[in-house]
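In the working numbering, the protein residues as written are 686 to 824.
Don't be surprised by glycine CBs; every beta carbon is placed ideally from N, CA and C.
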């Protein structure tokens with residue numbers, strides 16, 4: 686069985702993480718898959734996907750702070766700045782992370798660890814509307 690749906694994520698706070706876990710859980714239930722795989726893909730070059738801590742939001746804030754130091758906005762080495770100082774840094778951050786990931790489905794549920802959640806990671810400073818395709822495959 687294959688179930689596919691497209692999620693629209695409004696990144697109303699701009700840069701940061703947006704929890705997709707509950708929406709992915711609903712997609713698994715809607716797909717009526719007991720054993721299989723949930724594949725997630727973000728259709729953008731300045732946002733990515735992340736499996737990480739879902740209990741303490743400080744973990745994701747610390748990741749943002751680390752990436753701000755690792756890949757600063759407005760670095761003079763960037764030539765691609767058509768949309769502002771966060772343009773190229775967002776593309777680099779996306780290239781260093783994931784635009785797709787897979788999570789096992791076991792017993793009709795996402796098989797995530799106790800403290801794991803799935804997040805869209807917005808790398809642009811301003812809000813955007815992001816498209817994420819979720820495909821649930823299995824029996």
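Residue(s) in a DSSP beta bridge with residue i
i	result
residue 763	For residue 763, which the question treats as bridged, DSSP gives no partner whatsoever.
residue 790	721, 795
residue 806	702, 733
residue 823	721
residue 783	734
residue 692	817
residue 727	817
Best match in the options for proximity to residue i [C-alpha to C-alpha]
i	options	result
residue 786	800, 713, 727	727
residue 791	743, 742, 824	824
residue 751	781, 769, 770, 725	781
residue 730	778, 711, 695	778
residue 815	800, 695, 688, 689	695
CB contact flag (residue i, residue j, <7 Å)
i	j	result
residue 722	residue 805	no
residue 709	residue 817	no
residue 810	residue 716	no
residue 821	residue 713	yes
residue 803	residue 718	no
residue 733	residue 783	yes
Coil, strand or helix - residue i by DSSP
i	result
residue 742	helix
residue 711	helix
residue 777	helix
residue 716	helix
Chain-order list of residues whose beta-carbon lies under 7 Å from that of residue i (same chain, five-residue window excluded)
i	result
residue 772	765, 766
residue 686	716, 717, 718, 823, 824
residue 800	738, 739, 740
Contact set for residue i: own chain, Cβ-Cβ below 6 Å, skip 5 residues either direction
i	result
residue 745	702
residue 793	719
residue 770	758, 759
Own chain residues within Cβ distance below 8 Å of residue i, not counting five before or after
i	result
residue 774	756, 757, 758, 759, 760, 763, 808
residue 690	712, 715, 818, 819
Within-7 Å CB hit, residue i to chain B
i	result
residue 818	No chain B appears in the structure shown, which is made up of a single protein chain.
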